[in-house]
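The structure under discussion appears below in the form of structure tokens.
In mature numbering (1 follows the signal peptide of the UniProt record, and there is no 0), the protein residues as written are -21 to -1, 1 to 368.
Have a look at this one:
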């Protein structure tokens, strides 16, 4: 069943309920609310992504309304759960469009986001995806209305490949989630072979809901790679590392950013120690120098999230995507001074915002705007993320 949650910031709700004569009130509180929508994967295989995204979207909306809204307009958001299902994501998108939202955030996964693209494009409503694959925003000629928060998977692969090359790991095996997200990751390593001398000695698909990876990992072990890349998310990421240790595979394992959540070390325990995981800076914020341009915001976000949400849903890169999506839309609404779709779309193409995820510099030709410098290759030690050496 689809869980529908209509989320209002507390001040926004108060502004809607207060009669005109009742002081005190925020300046401009009588203005019509700006309404945005979101569909994220709060249940199903993508739940470890969607839950922190939904919470962080709400947190950002509350902060904005507490500070006076968007140029005096309360910000209102409707969040729907798409259950990690493309059909449900499409149905949710239709519901949000029927509510005449100014923009849509979502979804958490590549396949659900791709399913939403035609509807947002036809309706000419800006869509801000929380999915990794570059397919979501490319080719740009067909994606004029689509933007995204996560760094593209090309850069994620690049961060791994640079480390591997420095360590002279050129024979790589890839175990990938059997969908658009995983296949895109595999393609980046196959393409890298042509440019950088990598050889993919074996490639094995794994279902997002898989409970065992012994067959795939046995083949990978027999291929004798120098490193293994796991391009997937939880829960299959956890299945892979357990099988990896049980089979005694000794070469390093590198996970894509889809596994960069604090839930992973909690679930995997000591088995994950030594594994490499591509991440944004959020998982290693305490290691950053004081002059890092993201340090202050990261410290604020982590503190606010940890104090306001359950400990079983720790800070992750995914919450950062949700949080940044709201602030990017806030700034675009301020530049557009309107909820008109075309004006908002053009305003998004002028995004210059340093957020939890990184510094976004979008343009007409780049609807993401992040660079590889937003990424950090981490290594798990003692159940904690550290910066890989």
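Backbone N, C-alpha and C fix where the C-beta goes; we use that ideal spot for every residue, glycine too.
Rounded separation between residue i and residue j - CA only
i	j	result
residue 159	residue 47	40 Å
residue 356	residue 30	24 Å
residue 157	residue 92	16 Å
residue 86	residue 348	19 Å
residue 24	residue 236	16 Å
residue 165	residue 277	31 Å
residue 283	residue 100	35 Å
residue 358	residue 28	20 Å
residue 123	residue 324	8 Å
residue 319	residue 50	16 Å
residue 265	residue 216	25 Å
residue 6	residue 305	Any answer about residue 6 is weak, because its pLDDT of 44 lies below 50 and its placement is not dependable; what the coordinates show is given next. Going by the C-alpha atoms only, they are around 21 Å apart.
residue 179	residue 14	47 Å
residue 362	residue 16	36 Å
residue 44	residue 285	20 Å
residue 346	residue 267	27 Å
residue 255	residue 143	11 Å
residue 68	residue 137	30 Å
residue 102	residue 275	38 Å
residue 2	residue 55	Residue confidence is low: residue 2 scores 34 on pLDDT, short of 50, so the model does not pin down where it sits. Its coordinate-derived value is still stated next. Cα to Cα, the separation comes out at about 22 Å.
residue 328	residue 241	32 Å
residue 76	residue 146	50 Å
residue 194	residue 118	36 Å
residue 12	residue 364	40 Å
residue 191	residue 332	42 Å
residue 21	residue 74	17 Å
residue 174	residue 148	15 Å
residue 297	residue 32	6 Å
residue 52	residue 253	48 Å
residue 130	residue 113	9 Å
residue 344	residue 115	14 Å
residue 232	residue 351	20 Å
residue 42	residue 260	22 Å
Supposed close pair residue i, residue j - CB separation, criterion 8 Å
i	j	result
residue 353	residue 337	3 Å
residue 154	residue 206	Not really, about 12 Å apart at Cβ, beyond 8 Å.
residue 211	residue 199	That pair is no contact at about 14 Å.
residue 94	residue 308	Actually they do not touch by this definition, with Cβ atoms about 21 Å apart.
residue 109	residue 243	Rounded, the Cβ-Cβ distance is 18 Å, inconsistent with contact.
residue 335	residue 280	5 Å
residue 238	residue 213	7 Å
residue 59	residue 71	4 Å
residue 326	residue 314	4 Å
residue 38	residue 303	Not quite, the Cβ-Cβ distance comes to about 12 Å (not below 8 Å), so this is no contact.
Check: residue i C-beta below 6 Å from any heavy atom of the ligand NAD
i	result
residue 254	The ligand NAD is absent from the structure shown, which contains no ligands of any kind.
Outcome for residue i when other beta-carbon atoms lying within 10 angstroms are tallied against a minimum of 16
i	result
residue 221	buried
residue 295	buried
residue 120	exposed
residue 167	buried
residue 249	exposed
residue 272	exposed
residue 35	buried
residue 63	buried
residue 61	buried
residue 321	exposed
residue 262	buried
residue 161	buried
residue 204	buried
residue 258	buried
residue 66	exposed
residue 79	exposed
Where residue i sits in the DSSP three-state scheme
i	result
residue 59	strand
residue 52	strand
residue 297	helix
residue 73	helix
residue 80	coil
residue 332	strand
residue 122	coil
residue 366	strand
residue 342	strand
residue 287	helix
residue 355	strand
residue 131	coil
residue 318	coil
residue 116	coil
residue -1	The predicted position of residue -1 is uncertain, since its pLDDT is 35 and thus under 50; no value can be drawn from it.
residue 108	strand
residue 16	strand
residue 348	coil
residue 85	strand
residue 10	coil
residue 311	helix
| Taking the runs of the beta strand (DSSP E) that are 3 residues or longer, which of them lie wholly in the region 228 to 273? | 232 to 234, 255 to 259
| field | Uninterrupted beta strand (DSSP E) stretches inside the region 138 to 221 (no shorter than 3 residues) | value | 150 to 156, 178 to 185, 206 to 210
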